[in-house]
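Report on one structure; see the data block that follows.
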Amino acid sequence: MYSFTDTGNVTDTDIARPSEALSIDGVYIEDKIPGYRTVTVSGRESYDMQYSEYRIGNTLHMQDYYQNSRVIEVEYQLQASTPEELIQRYNVLNGLLNFKEAKISFADEPDKYYIGTKTASEAPPKGRLNIASTFSIYCPDPHKYSVATKQFTAAKNANGILELTINNEGTADVPIDYTVVHNHDNGFLGFVSDRGVLQTGKIQEVDLTPYKKSENLINTDDFSNWARDTSVHPENSAKKTNGQLKMNTYNGRKILQLIDKGGTSGVNGGMISMQIPPDSEGDIGATNFYCYFNLWFETGAVKQVSTMSINFLDENDKLIYCYMVGKNDLNSGKAHVMMRAGGSQEHKYFDQYFEPVNSQFGSNMFDWPRGNCDVLKEGDKLSGYYYGTRYSTVVPDLKDKKCCKIQLYIGGYDQLDMVTGSCFRSLIFQKTNVQKWNDNPNRYPNGSKVEIDGKEGKIYTDGVLRMDDEIKGSQYFLAPPGQSKVQIYHSDFSVPEPDVTAEIREAWL
1 MYSFTDTGNV TDTDIARPSE ALSIDGVYIE DKIPGYRTVT VSGRESYDMQ YSEYRIGNTL
61 HMQDYYQNSR VIEVEYQLQA STPEELIQRY NVLNGLLNFK EAKISFADEP DKYYIGTKTA
121 SEAPPKGRLN IASTFSIYCP DPHKYSVATK QFTAAKNANG ILELTINNEG TADVPIDYTV
181 VHNHDNGFLG FVSDRGVLQT GKIQEVDLTP YKKSENLINT DDFSNWARDT SVHPENSAKK
241 TNGQLKMNTY NGRKILQLID KGGTSGVNGG MISMQIPPDS EGDIGATNFY CYFNLWFETG
301 AVKQVSTMSI NFLDENDKLI YCYMVGKNDL NSGKAHVMMR AGGSQEHKYF DQYFEPVNSQ
361 FGSNMFDWPR GNCDVLKEGD KLSGYYYGTR YSTVVPDLKD KKCCKIQLYI GGYDQLDMVT
421 GSCFRSLIFQ KTNVQKWNDN PNRYPNGSKV EIDGKEGKIY TDGVLRMDDE IKGSQYFLAP
481 PGQSKVQIYH SDFSVPEPDV TAEIREAWL
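The sequence shown begins at 1 in the UniProt record's numbering and counts up by one.
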């Protein structure tokens with residue numbers, strides 16, 4: 001234990017927040033505990049490098065040279081008027097210091113943060129009301145990061161190549177995130193720098209003939225022209241369809257919602273449908289298809305219940321595939337996602353429970369900010385997307401079946417309150433004229449958004465994880481300190497070129 005010079009009878013209000021005051025996830029300890037004051041902080045200024053050696057003959061050689069972790073030590077003063085007040089303030093301090101992998105920043109550098117976990121604490125001296133002690137914060141990553149990110153927009157260089165100029169004013173290499181918004185159909189993206197190459201899609205798709213390309217037959221966020229459908233629900237005849245659905249606007253977005261259940265006993269709701277339009281060659285129906293849809297399913301209270309489904313039917317209105325989201329339990333906050341194929345598939349092949357609340361890190365991918373989902377048919381293989389994974393089943397008798405109609409259903413139970421968010425928001429139906437999805441000539445349709453997470457090494461298209469798009473050998477290269485260039489390549493037929501932006505979070509050692 002080190003010595004501490006008593007500052008005397010200084011009142012709480014006389015002590016301003018010191019320059020090295022510690023913030024934990026945006027909360028300064030001085031603001032929460034009267035009598036607490038940060039005295040000194042060490043470990044922010046420097047860090048160690050680790051290495052190992054190997055011997056060849058009489059000579060030693062260095063290998064495995066890497067950055068060590070960082071330990072930040074905080075010396076503080078805590079004073080109180082009575083022993084009872086002191087222990088109460090220590091209780092609050094212990095609560096604030098009970099953190100793991102929190103954002104740690106300091107008053108003299110509020111625009112930067114470390115990621116750290118509180119570890120050791122020094123025992124305070126006994127029998128004093130004005131004490132000094134220390135605690136340590138372990139940072140396995142020694143870097144500090146900028147609170148704000150920096151964005152860069154690609155533009156054509158002197159050679160007509162789309163190029164990003166990234167200016168990293170930090171002192172460390174950092175990951176690069178990319179966002180690509182397509183202004184035309186595209187099959188390939190390439191990001192090239194002197195540090196590596198990152199590629200997505202399929203380069204060969206540029207050589208496919210026009211009749212082989214896939215076509216978007218439906219692309220809408222307005223279902224007003226879909227027909228009211230009171231036929232028997234193809235997945236479950238107990239789901240009555242006498243109600244009505246209607247377009248509305250909520251929080252600036254168009255939504256399709258149930259306005260009249262059409263009944264008060266059992267499961268009652270409304271259904272609408274749309275015949276699949278013919279493609280450019282006049283052919284009706286799609287043996288192979290991809291359907292992206294966005295729905296909102298989010299509770300406002302535990303006792304709310306609802307059911308939603310999107311149904312894909314053949315030319316005889318027989319079920320090919322049904323994707324369902326529903327909550328029918330009044331006594332818990334659980335809902336579930338269900339997937340079922342038609343044909344000889346007589347039961348659900350996927351049923352997953354989740355909590356339908358708005359939580360960035362929860363299991364509800366249907367909350368207001370997200371809601372992205374898709375269904376894929378490749379011959380006899382049918383797949384539905386849920387939370388980063390496509391779940392598939394194979395039904396041989398559906399191999400040559402054409403999807404000719406799509407139904408949207410929203411229903412409620414008895415006279416019970418509906419789930420607050422029980423709405424469809426958009427839908428894209430794409431017919432694929434090839435047997436394999438990987439041969440799709442228009443992997444990225446006009447208006448689609450590709451997002452690449454450079455830190456995690458993940459690729460998303462319209463919010464759906466698409467790691468099958470990554471070309472083998474791709475590198476998620478980093479942006480070095482200073483200025484660097486990244487050139488962007490795409491399919492020759494993708495004109496006008498896509499809008500490309502990059503984002504980095506600067507870091508310092």
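Glycine included, C-beta positions come from ideal geometry on N, C-alpha and C.
These figures come from a predicted structure and were not determined experimentally.
According to DSSP, is residue 95 helix, strand or coil? Looking up residue 95 in the sequence shown gives position 95. If DSSP states are grouped into helix, strand and coil, residue 95 belongs with the helices.
According to DSSP, residue 274 sits in a beta bridge with which residue or residues? Indexing the sequence shown from 1 puts residue 274 at position 274. Answer is 406, bridged to residue 274.
What residue range is occupied by the uninterrupted beta strand (DSSP E) comprising residue 25? By 1-based counting over the sequence shown, the position of residue 25 is 25. Premise fails: residue 25 is in no beta strand (DSSP E) and is neither H nor E.
Looking at residue 449: is its Cβ nearer than 7 angstroms to the Cβ of residue 181? In the sequence shown, counting from the first residue as 1, residue 449 sits at position 449. In the sequence shown, counting from the first residue as 1, residue 181 sits at position 181. It is a contact, given that the beta carbons lie within the stated cut-off.
Give me the Cα-Cα distance between residue 363 and residue 354, rounded to the nearest whole angstrom. Position 363 of the sequence shown, counted from the start, is the residue given in the question as residue 363. Position 354 of the sequence shown, counted from the start, is the residue given in the question as residue 354. For residue 363 and residue 354, the distance between alpha carbons rounds to 6 angstroms.
Spatial neighbours of residue 284 in its chain, beta-carbon cut-off 6 angstroms, leaving aside the 5 residues before and after: In the sequence shown, residue 284 corresponds to position 284, counting from 1. Once the five neighbours on either side are set aside, the close Cβ partners of residue 284 are 278.
Take residue 80 and list the residues in its own chain whose beta-carbon comes closer than 6 angstroms to its own, dropping the five residues that flank it on each side. Residue numbering aside, residue 80 sits at position 80 when the sequence shown is read from its first letter. Counting only Cβ-Cβ distances below 6 angstroms, and skipping sequence neighbours, we find 35, 86, 89, 129.
Go to residue 203, then tell me how far its beta strand (DSSP E) extends in each direction, as first and last residue. Position 203 of the sequence shown, counted from the start, is the residue given in the question as residue 203. Taken as a continuous stretch (DSSP letters only), residue 203 belongs to no beta strand (DSSP E), as it is neither H nor E.
For residue 160, count the other beta carbons within 10 Å of its own beta carbon; 16 or more makes it buried, fewer makes it exposed. Which is it? Position 160 of the sequence shown, counted from the first residue, corresponds to residue 160. Classification of residue 160: exposed, given that the 10 Å Cβ count is below 16.
Closest Cβ-Cβ distance between residue 189 and chain C: below 7 angstroms? The chain labelled as chain C is not found in the depicted structure, where only one protein chain is given.
Sorted by chain position, which residues of the same chain lie with C-beta nearer than 7 angstroms to residue 69's C-beta, five sequence neighbours on each side aside? Residue mapping note: residue 69 aligns to position 69 of the sequence shown, counting from 1. Answer for residue 69: 138, 139, 140, 142, listed in chain order.
Per DSSP, what kind of secondary structure is residue 327 in: helix, strand or coil? Within the sequence shown, numbered from 1, the residue matching residue 327 stands at position 327. Note: residue 327 maps to strand in three-state DSSP.
With a cut-off of 8 angstroms, do at least 3 Cβ pairs link the stretch 403-413 to the stretch 226-242? yes
When DSSP labels each residue in this structure, what does residue 456 get in the three-state scheme? Taking the sequence shown and counting its residues from 1, the one referred to as residue 456 is at position 456. Three-state result, residue 456: coil.
For residue 115, the first and last residue of its enclosing beta strand (DSSP E): Counted from its first residue, the sequence shown places residue 115 at position 115. Its beta strand (DSSP E) spans residues 109-121.
Taking all protein chains shown into account, do 16 or more other C-beta atoms lie within 10 angstroms of the C-beta of residue 397, making it buried, or fewer, making it exposed? Looking up residue 397 in the sequence shown gives position 397. Exposed is the call here.
Going along the chain, which residues of its own chain have a beta-carbon closer than 6 angstroms to the beta-carbon of residue 153, five neighbours each way excluded? Stepping through the sequence shown from its first residue, residue 153 is reached at position 153. Excluding residues within five positions, the ones whose Cβ falls inside 6 angstroms are 501.
Between the CA atoms of residue 290 and residue 376 - distance to the nearest angstrom: Taking the sequence shown and counting its residues from 1, one reaches residue 376 at position 376. Taking the sequence shown and counting its residues from 1, one reaches residue 290 at position 290. Each residue's alpha carbon lies about 5 angstroms from the other.
Taking only the alpha-carbon atoms, compute the straight-line gap between residue 368 and residue 464 and give it to the nearest angstrom. Along the sequence shown, one-based indexing puts residue 368 at 368. Along the sequence shown, one-based indexing puts residue 464 at 464. C-alpha separation (whole angstroms): 15 angstroms.
For residue 416, collect the residues of the same chain with a Cβ closer than 8 angstroms to its Cβ; drop the 5 residues on either side in sequence, then sort them by chain order. Here residue 416 refers to the residue found at position 416 of the sequence shown. Excluding sequence neighbours, residue 416 sits near 303, 304, 305, 330.
From residue 54 to residue 64, what does the alpha carbon distance come to, in whole angstroms? Locating residue 54 in the sequence shown gives position 54, where the first residue counts as 1. Locating residue 64 in the sequence shown gives position 64, where the first residue counts as 1. Using only the alpha carbons, I get a separation of about 10 angstroms.
Rounded to a whole number of angstroms, what is the C-alpha to C-alpha distance between residue 321 and residue 253? Working through the sequence shown from its first residue, we reach residue 321 at position 321. Working through the sequence shown from its first residue, we reach residue 253 at position 253. Those two C-alpha atoms are separated by around 28 angstroms.
Taking the alpha carbon of residue 261 as the reference point, which residue from 454, 476, 414, 77 has its own alpha carbon closest? Position 261 of the sequence shown, counted from the first residue, corresponds to residue 261. Minimum Cα distance to residue 261 is reached at 414.
First and last residue of the uninterrupted beta strand (DSSP E) at residue 515: This structure gives no information on residue 515, because the portion of the chain shown stretches from 1 to 509.
Going along the chain, which residues of its own chain have a beta-carbon closer than 7 angstroms to the beta-carbon of residue 280, five neighbours each way excluded? As a position in the sequence shown, residue 280 is number 280, starting the count at 1. Excluding positions up to five away in sequence, the list reads 215.
Please go through the same chain and pick out, in chain order, the residues whose beta-carbon is closer than 8 angstroms to the beta-carbon of residue 206, but skip the five residues on each side of it. Indexing the sequence shown from 1 puts residue 206 at position 206. Because residue 206 sits at a pLDDT of 48, beneath the cut-off of 50, its placement in the model cannot be relied upon, and the point is left open.
Cα separation between residue 296 and residue 23? The count along the sequence shown starts at 1 and reaches residue 296 at position 296. The count along the sequence shown starts at 1 and reaches residue 23 at position 23. Going from the Cα of residue 296 to the Cα of residue 23 covers about 36 angstroms.
Excluding sequence positions up to five away, which residues of its chain have a Cβ less than 8 angstroms from the Cβ of residue 177? Taking the first residue of the sequence shown as 1, we reach residue 177 at position 177. Same-chain partners within the cutoff: 451, 452, 453, 454, 455, 502, 503, 504.
Check whether the stretch 332-340 and the stretch 255-271 are in contact - that is, three or more C-beta pairs closer than 8 angstroms. no
Proximal residues to residue 513 (C-beta, below 6 angstroms), its chain only, five neighbours per side dropped: Outside the modelled stretch of the chain, which goes from 1 to 509, sits residue 513, for which no answer is possible.
Alpha carbon to alpha carbon, how far is residue 134 from residue 98? Counted from its first residue, the sequence shown places residue 134 at position 134. Counted from its first residue, the sequence shown places residue 98 at position 98. So the alpha carbons of these two residues sit roughly 15 angstroms apart.
Of the residues 472, 475, 423, 427, which one's Cα is nearest the Cα of residue 250? Taking the sequence shown and counting its residues from 1, one reaches residue 250 at position 250. Selected option, being the one with the closest Cα: 423.
Would the C-beta of residue 154 count as close to the ligand SAM, meaning under 6 angstroms from any of its heavy atoms? With respect to small molecules bound, the structure shown includes none, and the ligand SAM cannot be examined in it.
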